[in-house]
Amino acid sequence: MGVAGMVGSPIKRREDPRLITGQATYVDDIKIHGMLHMAVLRSPYGHAHIRSINTDAARRHPGVVAVYTAEDLKGAVGNIAIAVPLGKIAEGMGARGALAEGKVRFFGDPVAAVIAEDLYTARDARDLIEVDYEPLPAAIDVEKAMQAGAPLLYEEFGTNVAFGMHPPTDEIDKVFEKTKADGGIVVKTRLVNQRLAPAPMETRGVVAEYRKASRSLTVWSSSQIPHLLRNILSALVGLPQHQVRVIVPEVGGGFGCKLNIYPEEMVSAFASMQTGRAVKWIEERSENLAVTIHGRDQVDYVEIAATREGKVTGLKIYGISDLGSYCQIFTDVIMIAFGFPVSCGAYDIPTIHLSADIVFTNKAATDAYRGAGRPEATYIIERAMDQVARELGKDPAEVRRLNFIKPDQFPYKAATGAVYDTGNYEGALDKALAMVDYKSLRAEQVQKRAAGKLMGIGISSYIEICGFGPKGSAPVGLYESARVRVEQSGTVMVYTGSSPHGQGEETTFAQIVAEEFTVPVENVMIMHGDTDSTPEGRGTYGSRTTAVGGSAVFNAVQRLKEKMKQIAAHMLEASPADVELEDGKFSVKGSPQKAVSFGDVAAAANLSNTLAPGVEPGLETTVFFEPEACVFPFGTHICVVEIDKETGETEIKRFVAVDDCGRQINPLLVEGQVHGGIAQGVGQALIEGVEYGEDGQLLTATLMDYAMPLSSELPHFELDSTVTLTTVNPLGVKGVGEAGTIGSTPAVASAVADALDVAHVDMPFRAEKLWKIIHQL
Amino acid sequence: MTMKREISVTVNGQQHHSEVEPRTLLVYYLREALDLTGTHIGCDTSQCGACTVLLDGQSVKACTVLAVQADGCEVTTIEGLAPEGGLHPIQEGFWEKHGLQCGFCTPGMIMASYNLLKVNPNPTEAEIRKGLEGNICRCTGYQNIVRAVQYAAERMRTSASEPVGAGE
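Protein chains in written order, with numbering that gives the first Met the number 0: chain A, 0 to 776; chain B, 0 to 167.
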């Protein structure tokens, strides 16, 4: 493999050989001598008092080593950490121990854990535990849960509303009045962003191994956050941080749901500390759908004002976030901290009013799911822009164009306070319009409509905020880190604090290093996911790994390069300022024949004897990168649908996406991220949805009932990109992990509403719902 | 605990005599008894296909087959698809075309693709999408999986038309 131009090159992933041959090691593939297995007994009710738990029969079952309930964990295991506790949550509302005590608050709430010699025995014994429940009415619908008289999850607080944000409305009221007085419009709409299951193909899993002799705990977990997990878990089980090691092996997808700490990690660690043996727990799929965090679940009341020409003058959003039953790490801030800052999307909107209530219900906790807040915000503004266009009889593309923040307005300070780094929104829109041949497409639509066909075209010009996060924006600094070592042989070891779960950073980070050191990419090894060997990192989420973790790698390489130049200068009897690195050689500017190879310098540095006096031997450095600002990727997605009048089924005829994630380290992987993101966004629009009965029963507890897109249900995506570099990191990269999900959902929603010629339809667009609309039932 | 039963299964060309509980699923037998952990468990209810293996040459979901049902049969798992150290054209296709991200569905997806190409060596995109709808991928959006299978089909056609021993 060549060296020059390694960044930007669509090379194959180095992760793949182990994955395509079955040689990768996921958590469930780990076996430790004497390892025990855990099965968890869960609430069959959405809401109930626990009168009693009888574990006698389970304890007596042959092969059972221990059975634990909340009683056993008292004083030994703490409550799940919450990053930013808002309102009553700071007073203890929504606090969650590892096992339910006195009351269960959602279907699947863990009540007891069985530890046994093998998995089948653990599950057999689980069936022998008797729990006497007193079922209670459940609060399921979030708006009903807010009303007086609703069943209360936390009686002592007298309400299910954990926190409300209701600033005065005078300013936005004035804007709306003036807009109307000037002949403009105010459009109102209510949008439901349904509850989703992240459902990575690998469920969660953990192996905990406590060695009593050294009082050390090693935890293998399918996690996006090895260091945070180590730091939090050590506090929760009362061990010093340096005696806890978290290893994240191969991870089979996360999408945000593994960006958390869960009861099973705490209980298995406790069980191992008690028994002195390793304990494994692997989540069953029905557990995954019931108890791993869900995403979205937000109801929004939206009002948008615009002049007759279509220029938006003001936006008012009242959001209700359904928290589910407990507070996980980010449950309470998904809407307010991650969604609200980008409420105005790609548009220059002078006045914005945001208000909110966040509410507990008898459902699984919600938290970060691919996009976390930004898909909801984008859905709101994109649906609103469409409705402005519809109300004024204008083309939705032109209304967007009229309102875009212009390239010369960057850095742009939005009315929400967010500062956008760079962008060229019109460029992405124009490219997407050209790709679909928009004019002809609209003409085709007119013809099809005349022939009685339901064809719709949907546009979504999204932005997102990622690369978290600037100093002071979170309770802990959201930096990333890299330790880079150039070995005596000239090969390079990189220890990154970032920990991937399918993104391919072993490949992209190696590309960054290879390009900067001008060495073959094969000579670079990327190590991750072990808190004992990697420097502190904050985790892979929010499309931040390349922007933040990649920048740490880049900076570490620069630092070593400077030292190598010094050493080379001594070897070449030149001044360090005159030495340059090119094609694997350090040479003196202007006399390229006077050169030493990268390997020679690496050897000199590590062997030390020939170094100049005062030069420290070795080539190793650790760099932390904390971004000064967030980055704002953007793009335009266009979806073309046809809805079958007879069946109500939606077929996506075309899906075009133009995304701008700044500089692309590996376009092949960028494309893969966009594909997968679109698939999940389309999944939300068309079929996905977690459903509960009014009594709190989960109706979507297997993959038979929770529909995820299949290969036959998705179209061939047509992709292109624009490149607008960011200035907030040295690589110029933004982020692409969530963009596809954020951009695609509103495009499909827009296309379906357009096809049906209605202002709005709530997702998911399943055939039955659309058939009823078509036939006005 | 129920009485164990003796079974004899040939897995990836190697014969195994084992004692299993009648309720033991084939996927657990492969993973736990034989340490063939390339076959994954994704859903427990036969929707996702992560556990797909070949049973007497036919793709099956190993979470829906009892180990005792495989008695006297030949099983091929992802570990046995290509000779030691080599790659099957389908594996190559997934690597070349970026047909995987987290990799968890991949072994099952590759085994299902094997069956698909056996039945239909020259599938259209629609036929590939239809043929793989028993396997769920949450990462890729399937587009590059389709490309991977197309790549493999092309490779397998080319090598099939060459004399034995040529190629590779």
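Cβ coordinates follow ideal geometry from the N, Cα and C atoms, glycine included.
Could you give the uninterrupted runs of the beta strand (DSSP E) lying entirely in the stretch 139-181 of chain A, keeping only those of 3 residues or more? Under the rule that a run must span 3 or more residues, the beta strand (DSSP E) segments found entirely inside the stretch 139-181 of chain A read 160-164.
Identify whether residue 404 of chain A lies in helix, strand or coil by the three-state DSSP scheme. Numbered from its first residue, the first sequence carries residue 404 of chain A at position 405. DSSP places residue 404 of chain A in the coil class of the three-state scheme, outside both helix and strand.
Going by DSSP, which residues form a beta bridge with residue 713 of chain A? Locating residue 713 of chain A in the first sequence gives position 714, counting from the first residue. Note: residue 713 of chain A sits in no beta bridge, so no partner.
Just tell me which of A:20, A:105, A:671 has its CA closest to the CA of residue 324 of chain A. In the first sequence, residue 324 of chain A corresponds to position 325, counting from 1. When the alpha-carbon of residue 324 of chain A is set against those of A:20, A:105, A:671, the nearest one is in A:105.
Considering only residues of the same chain and omitting the five flanking positions on each side of residue 162 of chain A, which have a CB-CB separation below 6 Å? Working through the first sequence from its first residue, we reach residue 162 of chain A at position 163. Here the set comprises 85, 86, 357.
Report the CB separation of residue 548 of chain A from residue 497 of chain A in whole angstroms; it is logged as a contact under 8 Å. Residue 548 of chain A sits at position 549 when you count from the first residue of the first sequence. Residue 497 of chain A sits at position 498 when you count from the first residue of the first sequence. Between residue 497 of chain A and residue 548 of chain A the Cβ distance is about 3 Å, and since that is below 8 Å, they are a contact.
Should residue 41 of chain A go down as buried or exposed, given a rule of 16 or more other Cβ atoms within 10 Å for buried? Counting from one through the first sequence, the residue named residue 41 of chain A turns up at place 42. Buried, since its Cβ has 16 or more Cβ neighbours within 10 Å.
Does any CB atom of chain A fall closer than 9 Å to the CB of residue 244 of chain B? Given a span of 0 to 167 for chain B in the structure shown, any question on residue 244 of chain B remains unanswerable.
Compare the C-alpha of residue 268 of chain A against each of A:237, A:681, A:713 and name the closest. As a working note, residue 268 of chain A is residue 269 in the first sequence. Closest option to residue 268 of chain A, Cα to Cα, is A:237.
Can you tell me whether residue 107 of chain B is buried or exposed, with buried defined as 16 or more other CB within 10 angstroms of its CB? Your numbering for residue 107 of chain B matches position 108 in the second sequence. It counts as buried.
For residue 743 of chain A, does the count of other Cβ atoms within 10 angstroms reach 16, so buried, or fall short, so exposed? Here the question's residue 743 of chain A lines up with position 744 in the first sequence. Buried.
Hey, would you say residue 130 of chain A sits closer than 9 Å to residue 97 of chain A, going by beta carbons? In the first sequence, residue 130 of chain A corresponds to position 131, counting from 1. In the first sequence, residue 97 of chain A corresponds to position 98, counting from 1. The criterion of a C-beta distance shorter than 9 Å is not satisfied by residue 130 of chain A and residue 97 of chain A.
Taking CB distances under 9 Å as the criterion, tell me whether residue 49 of chain B reaches chain A. In the second sequence, counting from the first residue as 1, residue 49 of chain B sits at position 50. Taking a beta-carbon distance threshold of 9 Å, residue 49 of chain B counts as an interface residue toward chain A.
Length of the line joining the Cα atoms of residue 519 of chain A and residue 422 of chain A: Here residue 519 of chain A corresponds to residue number 520 of the first sequence, with the count starting at 1. Here residue 422 of chain A corresponds to residue number 423 of the first sequence, with the count starting at 1. Straight-line spacing of the CA atoms in residue 519 of chain A and residue 422 of chain A works out to 34 Å.
Contact criterion: CB-CB distance below 9 Å. Does residue 73 of chain B meet it with respect to chain A? Within the second sequence, residue 73 of chain B is the residue found at index 74, counting from 1. No - not a single Cβ of chain A is within 9 Å of the one on residue 73 of chain B.
Can you give me the Cβ contacts of residue 99 of chain B inside the same chain, cut-off strictly under 6 Å, excluding the 5 residues immediately before and after it? Here residue 99 of chain B refers to the residue found at position 100 when the second sequence is read from its first residue. Cβ within range, chain order: 93, 105.
What residue range does the beta strand (DSSP E) around residue 114 of chain A cover? Residue mapping note: residue 114 of chain A aligns to position 115 of the first sequence, counting from 1. For residue 114 of chain A, the uninterrupted beta strand (DSSP E) run begins and ends at 109-115, by DSSP.
Taking just the CA atoms, how far does residue 477 of chain A sit from residue 31 of chain A? Translated into the one-based positions of the first sequence, residue 31 of chain A becomes position 32. Translated into the one-based positions of the first sequence, residue 477 of chain A becomes position 478. Answer to the nearest angstrom: the Cα atoms are 34 Å apart.
Answer yes or no: do residue 746 of chain A and residue 638 of chain A have a C-beta to C-beta separation smaller than 9 Å? Residue 746 of chain A sits at position 747 when you count from the first residue of the first sequence. Residue 638 of chain A sits at position 639 when you count from the first residue of the first sequence. In this structure, residue 746 of chain A places its C-beta atom within 9 Å of the C-beta atom of residue 638 of chain A.
Supposed contact pair residue 750 of chain A and residue 404 of chain A - C-beta distance, whole angstroms, cut 8 Å: To locate residue 404 of chain A, count along the first sequence from 1; it is residue 405. To locate residue 750 of chain A, count along the first sequence from 1; it is residue 751. Taking the Cβ atoms as the reference, residue 404 of chain A lies roughly 25 Å from residue 750 of chain A, outside the contact range of under 8 Å.
Residue 393 of chain A, enclosing beta strand (DSSP E) - first and last residue: Within the first sequence, numbered from 1, the residue matching residue 393 of chain A stands at position 394. That residue, residue 393 of chain A, is in no beta strand (DSSP E); it is neither H nor E in DSSP.
Residue 681 of chain A: which of B:39, B:5, B:1, B:138 sits nearest, CA to CA? Translated into the one-based positions of the first sequence, residue 681 of chain A becomes position 682. Comparing Cα-Cα distances from residue 681 of chain A to each of B:39, B:5, B:1, B:138, the minimum goes to B:138.
Span of the beta strand (DSSP E) around residue 17 of chain B: As a position in the second sequence, residue 17 of chain B is number 18, starting the count at 1. Residue 17 of chain B -> beta strand (DSSP E) spans 13-19.
Pick from A:622, A:716, A:330: whose alpha carbon is nearest that of residue 652 of chain A? Looking up residue 652 of chain A in the first sequence gives position 653. The shortest Cα separation from residue 652 of chain A among A:622, A:716, A:330 belongs to A:716.
C-alpha distance - residue 807 of chain A paired with residue 532 of chain A, whole-angstrom precision: In this structure chain A extends from 0 to 776, so residue 807 of chain A is not present and cannot be described.
Mind listing which residues of the stretch 15-44 of chain B have their C-beta closer than 9 Å to chain A's C-betas, in chain order? Going along the stretch 15-44 of chain B in chain order, one finds 20, 22, 23, 27, 30, 31, 34, 35, 36, 37, 38, 39, 40, 41, 42, 43, 44 with a Cβ nearer than 9 Å to chain A.
From residue 552 of chain A to residue 559 of chain A, what distance separates their C-alpha atoms? Along the first sequence, read from residue 1 onward, the residue named residue 552 of chain A stands at position 553. Along the first sequence, read from residue 1 onward, the residue named residue 559 of chain A stands at position 560. The C-alpha of residue 559 of chain A is placed about 11 Å away from the C-alpha of residue 552 of chain A.
Environment of residue 384 of chain A [buried if 16+ CB atoms lie within 10 Å]: Position 385 of the first sequence, counting from 1, holds the residue named residue 384 of chain A. Residue environment for residue 384 of chain A: buried (at least 16 other C-beta atoms within 10 angstroms of its C-beta).
DSSP state of residue 728 of chain A mapped onto helix, strand, coil: Residue 728 of chain A sits at position 729 when you count from the first residue of the first sequence. In the three-state DSSP reduction, residue 728 of chain A falls in the coil class, being neither helix nor strand.
As a quick exercise: from A:577, A:374, A:113, A:48, pick the residue whose alpha carbon is nearest that of residue 152 of chain A. Sequence index remark: in the first sequence, residue 152 of chain A carries index 153 (1-based). Closest option to residue 152 of chain A, Cα to Cα, is A:48.
Just checking my contact of residue 734 of chain A with residue 466 of chain A at CB under 8 Å: how many whole Å lie between their CB atoms? The sequence position of residue 734 of chain A within the first sequence is 735, counting from 1. The sequence position of residue 466 of chain A within the first sequence is 467, counting from 1. Residue 734 of chain A to residue 466 of chain A, Cβ: 6 Å. Contact.
Decide yes or no for the touch test of the stretch 482-494 of chain A against the stretch 610-624 of chain A: beta carbon pairs closer than 8 Å, at least 3 of them. Contact holds: three or more Cβ-Cβ distances are below 8 Å.
Got a sec: which bits of the stretch 5-26 of chain A sit with their beta carbon under 9 Å from any beta carbon on chain B, in order along the chain? Listed by position along the chain: 9, 11, 12, 14, 15, 16, 17, 18, 19, 20, 21, 22, 23, 24, 25.
Residue 151 of chain B, buried or exposed, once every other Cβ within 10 Å from all chains shown has been counted against 16: Counting from one through the second sequence, the residue named residue 151 of chain B turns up at place 152. Buried is the label assigned to residue 151 of chain B, since at least 16 other Cβ atoms lie within 10 Å of its Cβ.
Output yes if chain E places a C-beta closer than 9 Å to the C-beta of residue 489 of chain A; else output no. In summary, chain E is missing from the structure at hand, where the protein chains are A and B.
Residues of chain A with CB under 8 Å from residue 135 of chain B, in chain order? As a working note, residue 135 of chain B is residue 136 in the second sequence. Neighbours of residue 135 of chain B on chain A, chain order: 200, 702, 707, 709.
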